[in-house]
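Single-structure report; data block below.
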Amino acid sequence: GFAFAPLPAANHAVSLVLFSTLQTAVFILRLWTVYLLVRLITPPFRSTRASEALAFFVRPFSYVPAMLQPFALLALHGVLAFTLTHACVLTQSPMPDADRPLNPFIAGPLYAQFLKTCWLAVLSFSDGLMFLTRGLFVLIVANFGAALLQARGAAVICSEGVDLLLGRFARRGGTGMGFDFTPLIFFFVADLLYTSIGRILLQLMHTPFLN
């Protein structure tokens, strides 16, 4: 994906503070996006210990009215995208081209810059899906390890985490053979969706019409 770094400053501490602030903002926004995605795929009025814990950790975002959460989150991703493209240096691009500027978000007409920044905001939003799938993968592996070690407490925690991230797609009780492949299927489908969204947005950003 795209990688940004703070602009060089006379005081090195300023660059470090800006870098740390942006890294923290990216992590928080991704966590909030995971919360929103989980809430969207979870049946209403379902409340578990894991969902209550997640709502606690994403405060104050969980206090925002449910109808406003998607718009508020997209706006915050837009602010992040604008900040990265105008206050940082693009150090890595997934589609480098010697004939195009290193930072395509500040090149071209104003409408093109606006559209590319909006698509970068959507791409940043979709990173929450990547965050969700990576978290699901870690929980699947941890659950398998807990089962091998017969660590019942850890297995229960991991199972509740998996059910939380699967939302309405979580199966109760597994299959008749004792195995439930739903988490793995969900992981591959969500990862494929994330990859497809990223590929489409990157192609839109690099269309000749906007460059």
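Residue numbers (the working numbering): 124 to 334.
Even for Gly, the Cβ is constructed at its ideal location relative to N, Cα and C.
Quantities reported herein were computed from a predicted structural model and do not represent experimental measurements.
Contact between residue 307 and residue 258 does not hold, since their C-beta atoms are separated by about 14 Å, which reaches or exceeds 8 Å. The beta-bridge partner set that DSSP reports for residue 281 is empty. DSSP places residue 213 in the strand class (E or B) of the three-state scheme. For residue 160, the uninterrupted alpha helix (DSSP H) run begins and ends at 135-164, by DSSP. The closest CA to that of residue 328, considering only 311, 244, 137, 282, is found on 244. Residue 261 has its alpha-carbon roughly 19 Å from the corresponding atom of residue 172.
By the Cβ rule, the segment 303-323 does not count as touching the segment 192-209, because fewer than three pairs are nearer than 8 Å. Look at the beta carbons and you see the segment 246-253 touching the segment 150-158: at least three pairs across the two are nearer than 8 Å.
Sixteen is the threshold: since fewer than 16 other Cβ atoms of the shown chains lie within 10 Å of the Cβ of residue 139, the residue is exposed. Burial state of residue 200 is buried, judged by a 10 Å Cβ sphere holding 16 or more other Cβ atoms.
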